[in-house]
Structure formats: C-alpha cells, structure tokens
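Novice: Next up is a structure, given as structure tokens.
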Amino acid sequence: MSTPRSQFLSDAQVATDNVAQRGFLRQALGGYYVSRDVQKARYRDWEQARDAAAMAKWNAVNRLDRTLTTFATKFERNGGKIHWARDSAEAREIISKICRDAGAKAIIKSKCMTTEEIHLNDALEAEGYGVVESDLGEFIQQLRKEPPFHFVFPCMHLKREAISELFTKHLGTAATDSPEELTMIARRHLRQLYVDADVGISGANFLIAETGQISITENEGNARLTCALPRVHIALAGIEKVVERLDDLAVLLPMLATAGAGQPMTCYNTLYAGPRQPGEPDGPSEFHIVLLDNKRTSLLADPEQRDALHCIRCGACLNVCPIFKNIGGFAYGTTYQGPIGSVLTPHLRGLQQWNHLSGASSLCGACTEACPVRIDLHHHLLHNRRNAVLAHVSLFDRLFHDVFGWVIGRPKLFALGGKAFRATLPLLKKLPLPYLSTWLKSRELPEAPKKSFREEWKRSQS
Amino acid sequence: METLAVMKTAQETIMARIREALRLPAAKPHLKSASIAGTPAKASRPWLPDGGETPDVRLTVLTENLTKLKTQLIRVVDMSQAAAALDELCRAKQWKRLAYHAHTDTQAIIKSVSCETWQADAEFDKQKLESCDAGLTTCEAIVAQTGSIIVSSSTNGGRSLSILPHAHVVIARVDQVMGDLADAFVFIQQRNSDHMPSMISFITGPSRTGDIERILVLGAHGPKELVLILVG
C-alpha cells in the first residue's frame, strides 16, 4: 500500500523526469519574475513594507481570541450569520444545510482553497447539487477532474492545446490556439450560470475585526458576480484570516498583489459587510460565513511556528521554490503546495505521515525571502524535522547513533573502525545499504585516503 | 467530562482552543527595523508606492497608473463635454443598450446618447442587465497610488451594474481623486461611520486573467473595458 511518503517519492520522480514540463513551468513563471520586480521597484521600501504587513498579521493572530470575537459580533450586527466549524466534516454539513434550507439547485463558486481543503464539491455533488467553479483556472481543473496544480495559478501546468481539446470535448467548441479565445469560451459559458445560480460560495482573503467586513481579492470578476447575483452567499474562511483594522488592507492588498502575481493591485478587492441592505438595488438576501478551525488551533498552540498562520496565500513562495519548479504542484499530494504547504500539511494532516515534505527543500531560503508577511518558512521545515524525530526515532536511527556514540567514546576502537571503513569502502559502494545507495544514485563517493587524519598528524609532528 | 465536551458548541470549543493556544506567547517577526511606529497602515505609508502629495501630482500618478492598467481615461472640463464623450463612446463601440443608476451625474450625461438607456434600480431584472453592453456608474473615490476606482452598493448602483455588463463607464470629478489607499480607508470609515454598505469594491483596471500560460487576457468574467470620464 502506498503511503503519502512513497507516493510523493514516486510522483516527484516522474515529474522531475519530465524535462519538457519543467521547462514549460519555468517559462510560465518567467513573466512573473519580471513584473514582480517592476512592481517591487515602485515601493519606496519593500523590506520595511514587509515589516508592516508582518506586524498586521502578527497583531491579529496573537490576539485571535479578541479579534475573532470582535469580527463575529460586528459581522452579525451587519445582518450576516456566523457558523463555526471544528473540522472539515462539520463545515461541509453546515454548508449543505444552508443549501438545503435555501432550496438550492445550482451553485456557483469562486476560487477558494479552503473549500478544496474540506473537499466541499464532492460533498455537494453527492447531495445532487450542480456545482460550478467560475475562476477560469479552477473551471478548467474541474473539467479535468484534477485538483489545482498551484493554489494561485490552478492550471499553470497546461498548454493552450490541452485546454482547447478539453473545451472541445466538454463544451463542443472549435479548436483554437488563442488564450484570448479560450478565455472568451469560458466567459460565454459561465455568464448564464451566474444568473441562474441560487447559491454563491466564495472564500475570504481577510476578515476585518474592526468593521465585520470580509475582503475578497480576485482578478477576473467571477467572485464579484458570485457574490452579486445568487440569492444566498456563503463564504468559507479559516479562523486565521482575521486582521484587526480596516486600514491594515492599505498595506496588505498591494503586497498580496505584488508578491503573488507581480501586480500593483489585484483587479477587484471587494469588502462585503452583509446581505443586501435597504435601499440597495440588488445583492443576496442571505449572507453566511463559515469559520473553520480544522487543526489551525494546533498550529496556533505552537508559538515557534505560529507565524505560519500569517500566510495570505499569495503563492510567492511556490513561484521561487527550486523544488516546486522541478516537481510541480501535484507531487505534493496536498491542498497547499510549495514551501507553505510543506510547513502547514504536517500540522493539518499529521507530522509523521507528512514529515517527508520537510525534506522537500534545499533550505535555500528563497521562500522566506519572498514571503510578504515574513514567515520563517525554511526554518519551520527544520522545526518540523526536529519535532518529527523527537516524537518518533526509527529503530535504524537509534541503533546507528547508539553504536556510533559508543564507538566514538573509545579512541582505539574508533581508529580500528576507521581503518576497517577505509578498507571496505569500495565494497560498501556496491551494497544496497539504506540511505547510502539512494544518496549514491547521483553522486560519487571519493576515494578513501590511505591514512586517517590522526595518523597523518602524528607523522607530521614527528 | 466527555459529555460536557460534546455539549459544548463549536464556537465554545474553538474559542477555548484559541485561548489555551495563546497562553504561550510568540516572538515578534524578525523585522528590518526594530519595530514599526503606529498602526501598519500609518507606518507603511512612506514605504509603499507614492500616490502624490498635491492634486496635480496625484493626477499625474493616476494617469500613468490608468494607462498601465488599460483603463481608458477621458478628461473633460464640464458635464456637457462628459455627455458628448459618452455619446461618442456609444457610437464608437456600437453599444445598443446602456444601463445606469439614478444619480444627477449619470442622468445628466445619458440624455443625449444615441443608444437605448435603461435605469437599473430597485428589483431590476438581472437577465436584462446581462444583455446590456455597458453599465454607467458614479464612484465613491479614486486612488491615484493604485489607479483604483471605488464603488459601493449603496451609492453607485448596487453590486451587479459595475460587473455584469461587458463595459463599465465611470463618471467622476477630479476632487474625488485621493492619494493612497490609507486615505481611501479613512474616507470610507468617515463616510459610513458605523453602517457600511453591503459591498465596497476597489476596481483596478478591466477584468483580467493570466490562467492560460500566464498570458494576460482582458475581460475574463467582468467588463472587458473600463472607462473613466473625469470631470474638472
């Protein structure tokens, strides 16, 4: 039976062998690097702006008891309804019940990774609802029955030819190699679905404690439509999405756009305070928000890694990660890919089963440097490695270190061991030893020296 | 004990977990500076892109940003010129139906347009709005720093008018141009004090996507064209 670790190793191997795909990913990210640097240069001090963004999230997360309570109180005062979900199953049940009570048939969704985390679409489809993803990338991935490849750029692994074939198969449209025409096919297909949907489901990028508003960031306008036309709006958000003040967004919105997509501002940043108010011509009559824990409080309880909850899901750490660029998004087998996913997943799904992701890193620190809210990502990978070992040492590791410790405390035995090791090294290279044989697949062991350091030292001193 | 835990609501459980978790304090992030002075918004102001100190500079910054964002800017001196500009747009783009909301400024400039006009207020038919070529709205404010146009559901025609039609035309006055986002949030809070409109949107350029091979395409789901008619 495959474990997450063995699955990861085999998927990563296949992805790494696909040289063409790796080249395509690098090419797709090339434009991002250029525009990100152009936008960063417009900041009068990007590094200090990161300080402010980091503190905005630190303030909210380290006072989460107060900020979350304030948010919930203010939100309900505006006429919305708050629901609390301890885990995925509870969140799915809450959302299904809202849909049932609303007598819904068709559901339109805007992009929301938290719904991927709780596998919402499967649950709603099992109950007979038609659920349509409206973000272009998510729409494509839904047709392909695949999860997002990258949590900000869901189908960045696909070439236009593949998308054209997909549309021909499912929508019956003529083949085209124009990204513009492909986008227009999706636009035409989805427009009527917004109008016909009873329920719109979105995520939330920020929950603003001060005013009880939620903020949604998007480029396409599909979230605006999802939150405007259906009569019921449901937003699903992790409890860590809170910020204290409305004006915290003055720094967070531009930094999210620049770090994540190389934009000065994302096209639509929208604040929702409640359902349609008296005097407004349209908008949903019900507005629900589901606040999800799903192990976030366990991460909160670890002060060393608490800052991983500062994440604003910009995706910058994926875009710069040498591991992501080589193995792609699917090999991770997680909802959140890349460095942030490797840090979060062991907390969300179990440290021992997912600790292998802590090794999916070159520890180069590019992720930490790219993070607009200064999450200490590459050190957290080390923290997870340490914690995994502290909690569970394998028999091999224990035996190896015990024997090694015993030998090294006995200089004569150690010298003898060294001599034996030097003599048998050529043979060891050929044996299928754990760790060593994997390591040697792409590396050469040096020739063993004739004498040990201590023997050399003794000779030079005499 | 166990039965008590079961009887707790999800809210109580989550809040109890949070309080328990926060008993251990976390260190502050490693900052470039020792600390930041004041709120993140105030502190970050001199570090973020500049929106301009004077009205003239703001207009220059705004114009540059709108060009980069592919928002069409039409500068006019008065409302009659604005009306002429709108009519010219309708003709050039061959719009057949233009939706608008009731406001002195929108009503002042739609009178002379050659295409059909339709007032989308109070319980309007969304199917009819879907068939409109363009939506005309006012706005709350404009942010020079980012080139964003702020619309609200209570004063600028609701939620759909600025997003569903294929083009969005905004009529605004130069004194609505603000420096940066921090200014805009102060304005929003003063104007709405304790009762926010159900939606406030910062629109920064026409709808766009890069989902296919990271190649920019305008008009993914929202308007393909965004036009700002700036009076004064």
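So the sequences go chain by chain: A and B.
Quick note on the numbering used here: the first sequence kicks off at 912 and runs consecutively.
Quick note on the numbering used here: the second sequence kicks off at 225 and runs consecutively.
Backbone N, C-alpha and C fix where the C-beta goes; we use that ideal spot for every residue, glycine too.
Being a predicted model, the structure only gives us computed values, none of them experimental.
1) Compare the Cα-Cα distances from N970 of chain A to each of A:H1221, A:G1320 and A:K1369 and report the closest residue.
2) P1360 of chain A: buried (16+ other C-beta within 10 angstroms of its C-beta) or exposed?
3) Which of the residues in the segment 379–390 of chain B, read from start to end, lie with their CB under 9 Å from any CB of chain A?
4) For W234 of chain B versus A996 of chain A, is the C-beta distance shorter than 8 Å?
5) Return helix, strand or coil for K1022 of chain A, following the three-state DSSP convention.
6) Could you give the distance in angstroms between the alpha-carbon of D1109 of chain A and the alpha-carbon of K1016 of chain A?
7) Please identify the residue among A:G1185, A:T927, A:M1024 and A:F1325 whose C-alpha is closest to the C-alpha of G990 of chain A.
8) Say whether chain A places a C-beta atom closer than 8 Å to the C-beta of R432 of chain B.
9) In chain order, which beta strand (DSSP E) runs of at least 3 residues are fully inside the segment 326–389 of chain B?
10) Taking K1070 of chain A as the query, report the chain B residues whose CB atoms sit under 8 Å from its CB, ordered along the chain.
11) Report yes if the CB atom of A358 of chain B is closer than 8 Å to the CB atom of P389 of chain B, and no otherwise.
12) Tell me which residues share the same chain as Q343 of chain B and place their Cβ nearer than 8 Å to its Cβ, disregarding the 5 neighbours each side in the sequence.
13) Is the segment 1168–1175 of chain A in contact with the segment 1145–1159 of chain A, if contact means three or more CB pairs nearer than 8 Å?
14) Could you tell me whether the segment 947–956 of chain A touches the segment 1115–1130 of chain A, where touching means 3 or more Cβ pairs closer than 8 Å?
15) Closer than 7 Å by beta-carbon distance: list the chain B residues that pair up with P1090 of chain A, in chain order.
16) Hey, how far is the Cα of S999 of chain A from the Cα of N1295 of chain A?
17) Do you know how far the Cα of E1072 of chain A is from the Cα of V375 of chain B?
18) At which residues does the beta strand (DSSP E) containing W995 of chain A begin and terminate?
19) Would you mind reading off the limits of the alpha helix (DSSP H) that contains M423 of chain B?
20) Listing by chain order, which chain B residues have their CB less than 7 Å from the CB of R1187 of chain A?
21) When the distance is taken between beta carbons, is V337 of chain B closer than 8 Å to C314 of chain B?
22) Tell me which same chain residues have a C-beta within less than 8 Å of the C-beta of K1330 of chain A, skipping the five on either side of it?
23) Name the DSSP beta bridge partners of F1117 of chain A, please?
24) For the segment 1152–1217 of chain A, list the alpha helix (DSSP H) runs that are entirely contained and at least 4 residues long, ordered along the chain.
25) Answer yes if the segment 931–946 of chain A comes into contact with the segment 1233–1240 of chain A, meaning at least three C-beta pairs across the two stretches below 8 Å, and no otherwise.
26) Given that F348 of chain B touches chain A, what residues does it touch there, using C-beta distances under 9 Å?
27) Give the interface partners of G429 of chain B over in chain A, defined as CB-CB distance under 8 Å, in chain order.
28) Check the Cβ-Cβ distances between M225 of chain B and every residue of chain A, and say whether any is below 8 Å.
29) Between which two residues does the alpha helix (DSSP H) harbouring A1086 of chain A extend?
30) Under a CB-based cut-off of 8 Å, is Q1248 of chain A close to chain B?
31) Along chain A, which residues have their Cβ under 8 Å away from the Cβ of K252 of chain B?
32) Under three-state DSSP, which class holds Y944 of chain A?
33) I'd like the span of the beta strand (DSSP E) that includes H1144 of chain A, first residue to last.
34) Which residues, in order along the segment 316–337 of chain B, keep a beta-carbon less than 8 Å from a beta-carbon of chain A?
35) Closer than 7 Å by beta-carbon distance: list the chain A residues that pair up with G276 of chain B, in chain order.
36) According to DSSP, which residues form a beta bridge with G1041 of chain A?
Specialist: According to the structure data:
1) A:H1221
2) exposed
3) G381, G382, R383, S384, L385, S386, I387 and L388
4) Correcting the residue type first, residue 234 of chain B is Ala in the shown sequence and not Trp. Their beta carbons are under 8 Å apart, which means A234 of chain B touches A996 of chain A by this criterion.
5) coil
6) 7 Å
7) A:G1185
8) yes
9) 340–343, 358–361, 365–367 and 372–376
10) E437
11) yes
12) A323, Y324, H325 and A326
13) no
14) no
15) I436, E437, I439 and V441
16) 23 Å
17) 38 Å
18) K992 to A996
19) Element bounds for M423 of chain B: not the alpha helix (DSSP H) but the beta strand (DSSP E), M423 to I427.
20) S422
21) yes
22) S1363
23) A:S1126
24) 1160–1172 and 1207–1211
25) yes
26) P1192 and D1193
27) C1178
28) Low confidence applies here, because M225 of chain B scores a pLDDT of 43, under 50, leaving its location unreliable and the question unanswered by this model.
29) First-last for A1086 of chain A: undefined, no H or E at that position.
30) no
31) M966 and W969
32) helix
33) V1143 to G1149
34) H325
35) By Cβ distance, chain A contributes nothing, its closest Cβ being about 13 Å from G276 of chain B, past 7 Å.
36) A:A1017
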